[in-house]
Amino acid sequence: MPSGAPAGHTVVWTDRNNEIAADPLTAEQTRLHAISGGVMAASGASGVVSATAWAVRQGLERHRTARWASEREQMNTQKGPKAG
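Residue numbers (the working numbering): 27 to 110.
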């Protein structure tokens, strides 16, 4: 309640266009919104880090598999015909 308003009077909140708006958030609601926003931001950042780590590991795995295949090919050609 704004200071200076007599007790018992109705207070109407308006927006910039002077249209009736909802009451402002209480301190508890503001705190809850801030905590929720922080949790969501942390979750999003964690998801980005996890996705990036997964993508890097997939790239490294592909590279490693290709090197193994190349080395196997070299070993098979050096020792004669491929077995199996």
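Where is the CB? At the ideal position from N, CA and C, for every residue including glycine.
Small disclaimer: the values here were computed from a predicted structure and weren't measured.
Rounded distance between the beta-carbons of residue j and residue i, thought under 8 Å
{"i": "T40", "j": "A48", "result": "Not quite, the Cβ-Cβ distance comes to about 11 Å (not below 8 Å), so this is no contact."}
Sequence-distant residues of its chain with Cβ nearer than 6 Å to residue i (five each side left out)
{"i": "A71", "result": "none"}
For residue i, the first and last residue of its enclosing alpha helix (DSSP H)
{"i": "L86", "result": "A53 to Q104"}
Beta-bridge pairing of residue i - partner residues as DSSP gives them
{"i": "T40", "result": "I46"}
Cut-off 7 Å between Cβ atoms - residues of its own chain near residue i, not counting five sequence neighbours on either side
{"i": "Q84", "result": "none"}
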